[in-house]
Amino acid sequence: MEVTLNGPYDFDKALRRIQANPLMIVDLNKRLIKLPLTLQEERYVVTVQATGTTDSPSFLVSENVKEHPALLKRLTEILTWDIDLKMVADHFQDTELAFLFQKYLGLPLILDVDLYRCLVTQIIHQQLNMTFAYRLTERFAKTYGSEVEGVWFFPPPEKVAQLSPEELKELQFSTRKAEYVIGVSKAIMDGTLDLEQFPSLSDEDVTRQLTSLRGVGHWTAQCLLLFGLGRGDLFLPADIGIQNGLKKVYQLNEKPTLEQMEKWSKLWSPYRSYASLYLWENLSVRE
DNA sequence: GGCCAGGTGATGG
DNA sequence: CCATCACATGGC
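This is the structure in structure tokens:
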């Protein structure tokens, strides 16, 4: 089935951005992505292929989406098809970041396929360089998850809750990381943590619930709000990538201070998530 | 070999 | 409440 949107929406840039993630099937030449979606315990592999341009975006979506309207709704959320990126870019017109929003006009936020996967991934990624972080996540998913049509689904929390830290250490998890990942899975199983109610909670309530878990600090909670729930106004001053991104944009010799970052970012609200995304993008692109 | 990595919790004041 | 430190392991 075909889906058309109002531009700008630069799917190719989005694909380039997420292709580093080894668990995503991304084909830059064919301009397509395959997503492992889980809905009501049922698994679907959804394929999305770009057929249009940034200004006039259109997509060919696999037929299973046509049969299940809830899948299209979920797909729209994940690919943030309902966000007006021109409006977002306009918001930054009179700020220091204006050039970023010209340079990467139409770059959308792409969400993780589900909240549990997002949470576990972010815990794994804490304080690790991206290369190793991706390798660990891949090893975890391919050891304990399952493959459908070439795409890897994460293991469910009930499975991870039963693992021992020693088993994860064999994948080169640190003891601490292993405990965190198993711990949040156990919290889901015993009902302490209910991810399904998160979409209806405020950023503050989600953060409160998440940071009460061992191994989940403010940074990880913000990442889940951003990449899991797609909330629009997340700024991550604790993130080393954001600090380096701002250092580059403002041409500083040192990383910016918290005070500087808070001052600058006030103007970016309520779209600070996009400031974060574009700062990361600007850092990863080779000049 | 040394510093760093898209942090967190524990400890001590 | 804050500053500092250990953690654990690979990348470069």
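Numbered according to the numbering used here, the first sequence spans residues 11 to 297.
From the three backbone atoms N, C-alpha and C, an ideal C-beta is built for every residue, glycine too.
For clarity, every value in this text was computed on a predicted model and none was experimentally measured.
Please identify the residue among the options whose C-alpha is closest to the C-alpha of residue i.
{"i": "Ile43", "options": "Ala60, Tyr154, Ser275, Val98", "result": "Ala60"}
{"i": "Gln270", "options": "Leu203, Lys152, Gln253", "result": "Gln253"}
{"i": "Val55", "options": "His78, Tyr144, Asn39", "result": "His78"}
{"i": "Lys23", "options": "Arg41, Ala99, Met34", "result": "Arg41"}
{"i": "Leu181", "options": "Leu262, Leu47, Ala248, Phe142", "result": "Phe142"}
{"i": "Leu2", "options": "Leu211, Thr147, Asp65, Gly251", "result": "Limits of the chain in this structure are 11 at one end and 297 at the other, which puts residue 2 out of reach."}
{"i": "Val58", "options": "Ser222, Gln50, Leu25, Tyr260", "result": "Leu25"}
How many angstroms separate the CA atom of residue i from the CA atom of residue j?
{"i": "Leu107", "j": "Lys76", "result": "39 Å"}
{"i": "Leu236", "j": "Glu177", "result": "30 Å"}
{"i": "Leu121", "j": "His135", "result": "16 Å"}
{"i": "Ser184", "j": "Ile133", "result": "11 Å"}
{"i": "Leu82", "j": "Val161", "result": "19 Å"}
{"i": "Ser288", "j": "Ser279", "result": "According to the sequence as given, residue 288 is Tyr; it is not Ser. Each residue's Cα considered, the two are about 14 Å apart."}
{"i": "Glu73", "j": "Leu244", "result": "34 Å"}
{"i": "Asp299", "j": "Phe111", "result": "It is not possible to answer for residue 299, since the shown part of the chain is limited to 11 through 297."}
Under a three-way DSSP split, which group does residue i fall into?
{"i": "Val158", "result": "strand"}
{"i": "Asp37", "result": "strand"}
Do residue j and residue i have their beta-carbon atoms positioned less than 7 Å apart in this structure?
{"i": "Arg224", "j": "Val158", "result": "no"}
{"i": "Pro67", "j": "Leu115", "result": "no"}
{"i": "Thr90", "j": "Pro118", "result": "yes"}
{"i": "Phe150", "j": "Arg127", "result": "no"}
{"i": "Val231", "j": "Leu220", "result": "Sequence check: residue 231 is Ala here, not Val. Going by C-beta atoms, Ala231 is nearer than 7 Å to Leu220."}
{"i": "Glu148", "j": "Pro32", "result": "yes"}
{"i": "Val13", "j": "Val71", "result": "yes"}
Entirely enclosed beta strand (DSSP E) segments - the segment 39-99, minimum 3 residues: 42-49, 52-60, 68-71
Length-filtered (3 minimum) beta strand (DSSP E) runs lying within the segment 98-176: 156-158, 161-163
Complete runs of the alpha helix (DSSP H) confined to the segment 179-265 [at least 4 residues]: 185-199, 213-221, 228-233, 250-259
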